[in-house]
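See below for the structure under consideration.
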Amino acid sequence: MSVPFDDLQVALDRLDRLPKQERAAAVQVIHGWLATQVEAEAIAEDELPSEFGMIGATPAMKQVFQLLGRIMRTDIPVLVLGESGTGKELIASALHEYGPRRRKSLVAVNCAAIPANLLESEIFGHVKGSFTGAHKDRKGFADAADGGTLFLDEIGEIEFDLQAKLLRFLQDGEIRPVGANTTHKVDVRIVAATNRNLLERVQQGQFREDLYYRLAVMTLELPALRERSDDVRHLVRFMLVRQGEDGMPTATISDEAMEVLCAYAWPGNIRQLQNELVRAATFASDGVIQVDDLSDDVRGAS
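For the sequence shown, position 287 (counting from the first letter as 1) is numbered 286 according to numbering that gives the first Met the number 0, and the numbering increases by one without interruption.
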């Protein structure tokens, strides 16, 4: 059941009107919410280690923060490398939100999620009649990001033909909408990301070498979560509070369950940890995540 926590007194008053069999469940929900508020206040008093909106205190993350600080106010392209789920999109957000382009738009494009035959139109736009279904002129993501940042996620998935057009865009700052006879300039900072080994794909003839070196003016590699396991404890505290703020299942966590999470290798990285916490909070019957509330994979590995 849900409880209107914008007014705790209202939530408590509702208990008297609930059937007896539902009252215990409501008490547990309120108990979990109160515990989360205590945790949130503790975090506010003892701030989690973070920079540029990202949590981390390990040497690997400190190196990331140091490099970000050096390139934050530049316009050079940045290629973000790292396994899936490591938070590469957070790097793009940090470069935008803490840089000189923050008053303009950050536009993110997941190159792997858009069909190859539509990706060029999505990035550069199209004119009316340029292909079936193009009923009117449409600006692309590059135009939408003019003055701001264009984040090209999963850049390694772009097909070879489109790579040449993207290279021309990076060289000249000009785009030609699909079906158009003219070009026009846009001013964007490019941040690209991939979980692929692009140099290996260059050697295999699947990625243009000249495009690679245009993108990799500055390369930033995010460590996998297993390489920064000391940050898991901080991430868990942060995520559980954020879940409560976002209206998702939340709870506190026992010391034993925390130790299991810290010992796990997290092949899916931060994204997997977040999913695990949502699931565990859903099953936490007393508002506290115990070892038994964790998934079989996580418990089994410990």
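We put the CB at the ideal spot given by N, CA and C, even for glycine.
- In this structure, the alpha-carbon of residue 229 lies about 29 Å from that of residue 215.
- With a beta-carbon spacing of about 18 Å, residue 219 and residue 206 fall beyond the 8 Å limit used to define contacts.
- As a beta-bridge residue in DSSP terms, residue 191 pairs with 78, 151.
- Scanning the stretch 200-270 for uninterrupted alpha helix (DSSP H) segments of 4 residues or longer gives 208-214, 231-244, 254-262, listed from N- to C-terminal end.
- Under the three-state reduction of DSSP, residue 92 is assigned to helix.
- Contact between residue 124 and residue 142 holds: CB atoms are separated by about 6 Å, below the 8 Å threshold.
- Beta-carbon to beta-carbon, residue 166 and residue 210 are separated by about 5 Å, close enough to satisfy the 8 Å threshold.
- Less than 7 Å separates the beta-carbon of residue 260 from that of residue 231.
- When only Cα atoms are considered, residue 225 and residue 191 end up about 23 Å apart.
- Nearest Cα to residue 171 within the set 183, 80, 178: 183.
- For residue 166, there is no enclosing beta strand (DSSP E); the residue is found in the alpha helix (DSSP H) stretching over 159-171.
- Proximity to residue 159 across 136, 135, 110 peaks at 110, based on C-alpha coordinates.
- With fewer than 16 neighbouring CB atoms inside 10 Å of its own CB, residue 134 falls in the exposed class.
- A Cβ-Cβ contact shorter than 7 Å links residue 188 with residue 74.
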